[in-house]
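Working notes, beginning with the structure itself.
Number of protein chains: 2
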Amino acid sequence: MRRTKAEAEETRSSILHAAERVFFEKGVSNASLDDVAKAAGVTRGAIYWHFSNKTDLFLELYNTVSLPLEDMVVRDTEQPASEVLGVIEASAGNWLDDLAADEHRQRIFTILLRCPYDEDLMPVLDKQREVDDRHTVMLDNAFDRARNEGFLSGNWTPQSATKALRWMMEGLCSEWLLFGRRFDLAAEGKEGLKRLFDSFRPAPVAIASA
Amino acid sequence: MRRTKAEAEETRSSILHAAERVFFEKGVSNASLDDVAKAAGVTRGAIYWHFSNKTDLFLELYNTVSLPLEDMVVRDTEQPASEVLGVIEASAGNWLDDLAADEHRQRIFTILLRCPYDEDLMPVLDKQREVDDRHTVMLDNAFDRARNEGFLSGNWTPQSATKALRWMMEGLCSEWLLFGRRFDLAAEGKEGLKRLFDSFRPAPVAIASA
DNA sequence: AAATTAACATACGACTGTGTTTGTATAATT
DNA sequence: AATTATACAAACACAGTCGTATGTTAATTT
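Structural data, given as structure tokens:
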């Protein structure tokens, strides 16, 4: 019962969506291809037609969101230095808003956090590292610009600010994703960001007063 | 070939050690009991003698470190308020030192971070949450004491300081454990802690000068 | 000394998941 | 209109893995 090309593309994407849900619920290694097939309303034959095996299915699923993942990098480095910190903070806040609103992204991140990286999933890890490294470099540069223009507190170096920000974001999201979303990610996250960035900014110089 | 009780206890603990290594390397759900048995130099019979099944083995393994886990709570709340922040910072720093030095603890944490929590592993998750909640309460109280005595910067509230600290620690350890230990956990972690705690402390009041 | 039991190893049956092969109906091609 | 390639479903063969059942040996008990 051959379907038209559009229909085939439809079942392929329904398989991907089903895989996302099943992998999220049962974990990648605990989920069987039959679980995915049933969740997609097809048989394993359809999966093996569109994908070569489970690892390939996982990688394709990862690719469906890998490009949006990279959007978290800060690219507005053309701003005046006085606003660099504000731009970074807003960018991180927006990223939290996006994650909080996008269940798809939530599930993918959760899957990625929990998945046991064996040998054949290494490309995923490598890509994650590459994105993280690029992100780190861009943050370093941005904080460095802020510091050179006197907009970074002496308590922080560009590198330490980058790390503090990244660790806070990672811890925040890990706790939220892996631990059952028991708090308001965007609200509490942005409040934390605000206080952290306040400490990034130099103390206001005392106006000569009485 | 019946062994003496001491020998039996020895094989039991060797099974636990093997399980720790194998679960760490292959992930809990990807590791078979035969993998564990071979790594321990026994057969599956020995495992089924000492443990009822794989979940039970995992839970017993978790119990071997669950008590030390709770040591990370700050219990030195009897210090003078002026030193509360220093005590918390030192406690967190010590915790990092311990983790960096104890491969056993590293593996257990990594396993816990990566393991897909299905239904029968819920007790582990619940216990983790309980420890975390207690830790949070103690930190809240400690920061509150510091604030009441004027030792907490106005930029932070006790709750926000607690969260910032916990997220930073969690992000730091997650990245180090899940991402290949590509940096010096204790050194970089303590530097980050120092800067964060510097921002927790109120700005020094300007001495009346010329 | 005989019987029992603890501490395993070995063997067995059942099931699950995987990859492949085969069947098949339909769209696309010629 | 006949052929072919596509998009699957259904069936098959096979390796793991699990739990259990049974065997075996040595320590303990009686």
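So the sequence lines, in the order shown, correspond to chains U and L. Residue numbering for the first sequence follows the numbering used here, beginning at 1 and increasing consecutively. Residue numbering for the second sequence follows the numbering used here, beginning at 1001 and increasing consecutively. By construction, the Cβ of each residue, glycine as well, lies at the ideal position given by its N, Cα and C atoms.
| Query | Result |
| --- | --- |
| When Cβ atoms are compared, which residues of the stretch 157-182 of chain U fall closer than 9 Å to chain L? | 157, 160, 161, 163, 164, 166, 167, 168, 169, 170, 171, 172, 173, 174, 175, 178, 179, 180, 182 |
| Going along the chain, which residues of the stretch 20-35 of chain U sit with their C-beta nearer than 8 Å to a C-beta in chain L? | 26, 27, 28, 29, 30 |
| Using the rule of at least 16 other Cβ atoms within 10 Å of the residue's Cβ for burial, across every protein chain shown, is residue 1210 (chain L) buried or exposed? | Reliability fails at residue 1210 (chain L), whose pLDDT of 49 lies under 50, so the model's placement of it is uncertain and the value that follows must be treated cautiously. With fewer than 16 other Cβ atoms within 10 Å, it is exposed. |
| Quick check: is the beta carbon of residue 148 (chain U) nearer than 8 Å to any beta carbon in chain L? | no |
| List the endpoints of the continuous alpha helix (DSSP H) containing residue 1048 (chain L). | 1044-1050 |
| Taking only beta-carbon positions, decide if residue 1116 (chain L) is within less than 8 Å of chain U. | yes |
| Helix, strand or coil: which one does DSSP assign to residue 174 (chain U)? | helix |
| Nearest to residue 1160 (chain L) by alpha carbon, out of U:111, U:190, U:30, U:118? | U:190 |
| Given that residue 199 (chain U) touches chain L, what residues does it touch there, using C-beta distances under 7 Å? | 1155, 1199 |
| So the alpha helix (DSSP H) residue 1083 (chain L) belongs to, where does it begin and stop? | Segment: none, residue 1083 (chain L) is in no alpha helix (DSSP H) and carries neither H nor E. |
| Relative to the C-alpha of residue 1109 (chain L), which residue among L:1157, L:1002, L:1173, L:1019 is closest? | L:1173 |
| Which residues, in chain order, does the stretch 7-18 of chain U contribute to contact with chain L at a C-beta distance below 8 Å? | none |
| In the DSSP assignment, the alpha helix (DSSP H) including residue 1187 (chain L) goes from what residue to what residue? | 1185-1200 |
| Does DSSP put residue 1152 (chain L) in a helix, in a strand, or in coil? | coil |
| Is residue 1107 (chain L) near the ligand GTP - that is, is its Cβ less than 7 Å away from at least one heavy atom of it? | Ligands displayed in this structure: none; no statement on the ligand GTP is therefore possible. |
| Please look up how many angstroms separate the CB atoms of residue 1046 (chain L) and residue 1037 (chain L), rounded, as I've assumed it's under 8 Å. | 7 Å |
| CA-CA distance, residue 1092 (chain L) and residue 15 (chain U)? | 45 Å |
| By Cβ distance below 6 Å, which residues in the same chain neighbour residue 176 (chain U) in space, the five residues on each side in sequence not counted? | 185 |
| Could you tell me the distance, in whole angstroms, from the CA atom of residue 1192 (chain L) to the CA atom of residue 23 (chain U)? | 35 Å |
| From which residue to which residue does the alpha helix (DSSP H) around residue 121 (chain U) run? | Premise fails: residue 121 (chain U) is in no alpha helix (DSSP H) and is neither H nor E. |
| In angstroms, rounded to a whole number, what distance separates the CA positions of residue 137 (chain U) and residue 55 (chain U)? | 31 Å |
| Is the beta carbon of residue 1178 (chain L) less than 8 Å from the beta carbon of residue 1113 (chain L)? | yes |
| Restricting to Cα atoms, I'd like to know which of L:1170, L:1144, L:1164 is closest to residue 1081 (chain L). | L:1144 |
| Could you tell me the boundaries of the alpha helix (DSSP H) in which residue 1032 (chain L) lies? | Unbroken run through residue 1032 (chain L): none, as it is neither H nor E. |
| On the premise that residue 1027 (chain L) lies in contact with residue 123 (chain U), defined as a C-beta separation below 8 Å, what is that separation, rounded to the nearest angstrom? | 17 Å between Cβ atoms; not a contact. |
| Taking the straight line between their C-alpha atoms, what separation do you get for residue 1052 (chain L) and residue 1011 (chain L)? | 15 Å |
| Which chain U residues are close to residue 1192 (chain L), counting only those with a beta carbon under 8 Å from its beta carbon? | 160, 163, 164, 167 |
| Here's the rule: buried if 16 or more other CB atoms are within 10 angstroms of the residue's CB, otherwise exposed. What is residue 1020 (chain L)? | buried |
| Please report how far the alpha carbon of residue 1048 (chain L) lies from the alpha carbon of residue 1107 (chain L), in whole angstroms. | 23 Å |
| By Cβ distance, which residues of its chain are closer than 6 Å to residue 1079 (chain L), with the 5 residues on each side in sequence left out? | 1087 |
| Report all residues from its chain with a CB closer than 6 Å to the CB of residue 1125 (chain L); omit the five preceding and five following residues, and keep chain order. | 1117 |
| Pop quiz: residue 158 (chain U) and residue 166 (chain U) are said to be a contact at Cβ under 8 Å. What is the actual Cβ separation, rounded to whole angstroms? | About 12 Å separates the two Cβ atoms, so there is no contact after all. |
| Identify, in the order they occur along the chain, each residue of the same chain with its Cβ nearer than 8 Å to the Cβ of residue 1196 (chain L), setting aside the five sequence neighbours on each side. | 1164, 1165, 1168 |
| Once you ignore the five residues that flank residue 1034 (chain L) on each side, which residues in its own chain have a CB closer than 7 Å to its CB? | 1044 |
| Mind pulling the chain L residues with CB within less than 8 Å of residue 188 (chain U)? | 1163 |
| Could you tell me which chain L residues have their CB closer than 9 Å to the CB of residue 203 (chain U), listed as they occur along the chain? | 1203 |
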